[in-house]
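In the working numbering, the protein residues as written are 158 to 474.
Backbone N, C-alpha and C define an ideal beta-carbon position, used for all residues, glycine too.
Notes to accompany the following structure.
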């Protein structure tokens, strides 16, 4: 007879299974392949998103087209890639800020002066000559946010002046072109490491779609247009959390107009509630006056504190 331990017999004599083979090993290999596939897909999607931030002109359009083709080649449907592209464009339009470099540029100054016919218009005066009628800036462009004619001013800018916001600017449309430009110039000059071309502001004049506001669309409303207060608050809080930094542009330290506006007071309140850091900046003339006041010692500092604590939200407009 044959021995029980013979290799000619049953399972007792079978060779042991090697580690990593069989169903367990196959599942592990499959899982690793799937994870690599997911990583590659995420990488290609990030490439498309990055390409869209640089979209503008023939070169930018070609970069976007190639990024789309890579996703299609990976297995995404063309309709799906188109829908993803439009969603990214919509999001980027809402999240984009204007570069400080553009606000300080000769090009923007010339545009503002040319349209207003004034050497130093307020931004309230610029509203009408920038956004009213068929000759409005961006009136002939399709808005990435809703697919309708008329886009935000920021959507008309070239990519190097239009990138994800780094700072939220709290300010008033009553300020003049020179006041805003000189205050931002002073801020850049006095802040170590800050570069105008790398700083992108959420500045409502540029960022909000004024064409929708003028037609009463609450989704795009600005503080100076009557709208649903809760919607405005929700939109502002969402923007503030995403951006994470507030620059408050005060016209003066002594009874500033800034602290008489209900919306700027609300912005300050919300930033404090959310724990968002706020940096105060001033017009150059006010900055010089402030330095003079501080140099007077305790008396000057006391006057400064008393002035900045005079906030009456009930009477704010």
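- By DSSP's assignment, residue 325 forms a beta bridge with 359, 403.
- In this structure, residue 326 sits near residue 404, with a CB-CB distance shorter than 7 Å.
- DSSP, read as helix, strand or coil, puts residue 433 in coil.
- Contact between the stretch 238-248 and the stretch 313-322 is absent: fewer than three C-beta pairs spanning the two stretches fall below 8 Å.
- For residue 253, the enclosing beta strand (DSSP E) begins and ends at 253-256.
- Secondary structure note for residue 189: its alpha helix (DSSP H) is the uninterrupted segment 179-210.
- Residue 441 carries a helical assignment under DSSP once its states are collapsed to helix, strand and coil.
- Ranked by Cα distance from residue 212, the first of 255, 229, 246 is 246.
- Residue pairing for residue 299: DSSP places it in a beta bridge opposite 306.
- Membership of residue 283 in the alpha helix (DSSP H) is indicated by the continuous run 280-288.
- Judged by beta-carbon spacing, residue 318 lies within the 7 Å limit of residue 259, meaning their Cβ atoms are closer than that value.
- One thing to note: residue 280 has its Cβ within 7 Å of the Cβ of residue 330.
- The C-beta distance from residue 250 to residue 195 rounds to 28 Å, too long to fall under 8 Å, and the pair is not in contact.
- Residue 319 carries a strand assignment under DSSP once its states are collapsed to helix, strand and coil.
- In this structure, the alpha-carbon of residue 252 lies about 6 Å from that of residue 322.
- Listed in chain order, the non-local C-beta contacts of residue 227 below 6 Å within the same chain comprise 201, local neighbours out to five positions each way being set aside.
- Annotation: the continuous alpha helix (DSSP H) that includes residue 263 extends over 263-273.
- Assignment of residue 333 by DSSP, reduced to helix, strand and coil, places it in the strand class.
- In this chain, the alpha helix (DSSP H) harbouring residue 369 covers 367-371.
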